[in-house]
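One structure is given here, and the rest of the page talks about it.
Here it is as structure tokens:
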């Protein structure tokens, strides 16, 4: 094995090698259509495929990043990331950078002559992000063991834990929507969305633009998503006040992966609409109780100190802080 690796971005012609490494590491096939959709979708600002190559040119490790516009939780108005780039990036990130597809060839996991390949890969990757997107907020959803390793190496700090919870909406006020109708509704309510962007219940998150939602859900090459509208009574009948996205889950259940509700912001901030009757709807909620396989949301450090400082108490729980203002949904994790 080489004592030195070459760290660089992948060429498009090398994506097949990344997909082969994905299948070897995760034991799941990564189709070319899925890989292209994920990293070259029209709903993204940018994407990164970064790897470690040996002297023969063989890809031995990989890390990816999906770059999206960040919603501004403190200000209404247009969400143009270029206008907000003049602000302090440590206080108001202009882009959200999701770190994903972190994989190291099995034979190279652990120590080597000049240290951990994983450590070196992530350091070089962090340097790339610092140059390309200095005003970003980087995060990921690693498993428990990778997260612990990332914490020990100083790359990750926990932000929140999410797990599945039963949820039951009032069927009288929710109905299926076609994608075109949903996008028209969102366009009509764009000013409403922005006027609530600064609400206390809405957090820093990926901007849910029509382009993003169409890429993320409507054009997913493998998973089938459905759109739903939320309504409330008004003098003129029922008024459209929000939307959710679901996909099938364990038979006839519906997993709520994304959504927005006026006055509550992004899911899973939405409160339960009525007392629980049955658990045919499931939602990804923070601070789960009794969840056996929770997902950890972690901030990835790529420029100096962590931009969002949090702490952990003696029981290992994340303490509340101003970084409680970051909002994730199941849709953020559902691209894998």
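Numbering (the working numbering), first residue to last: 1148 to 1483. Here a beta-carbon is modelled for each residue, glycine too, at the ideal position from N, C-alpha and C.
- The continuous beta strand (DSSP E) containing residue 1402 extends over residues 1400-1408.
- In the three-state reduction of the DSSP assignment, residue 1175 falls in the coil class.
- Bridge pairing for residue 1186: absent [DSSP].
- According to the DSSP assignment, residue 1326 belongs to no beta strand (DSSP E) but to the alpha helix (DSSP H) extending over 1326-1335.
- Taking a contact as a CB-CB distance under 8 Å, the pair residue 1390 and residue 1374 counts as one, their CB atoms being some 6 Å apart.
- Membership of residue 1265 in the alpha helix (DSSP H) is indicated by the continuous run 1264-1279.
- Taking residue 1326 as reference, the option from 1393, 1267 and 1276 with the minimal CA-CA separation is 1393.
- In the three-state DSSP reduction, residue 1298 falls in the helix class (H, G or I).
- In this structure, 1353 is the residue among 1353, 1328 and 1251 with its C-alpha nearest to the C-alpha of residue 1241.
- Around the beta-carbon of residue 1476, 16 or more other beta-carbon atoms lie within 10 Å, marking it buried.
- It is roughly 24 Å from the alpha-carbon of residue 1174 to the alpha-carbon of residue 1267.
- With distances taken between CA atoms, residue 1279 lies nearest to 1192 out of 1402, 1192, 1357 and 1380.
- Runs of alpha helix (DSSP H) with 4 or more residues, each lying fully within the stretch 1343-1388, are found at 1357-1360, listed in chain order.
- Under the DSSP assignment, residue 1243 falls in the beta strand (DSSP E) whose first and last residues are 1242-1251.
- Taking C-beta separations shorter than 6 Å and ignoring five residues to either side along the sequence, the partners of residue 1308 in its chain run 1441 and 1443, following chain order.
- Rounded to whole angstroms, residue 1151 and residue 1201 show a C-alpha spacing of 7 Å.
- Closest in C-alpha terms to residue 1274, from the list 1322, 1292, 1210 and 1253, comes 1210.
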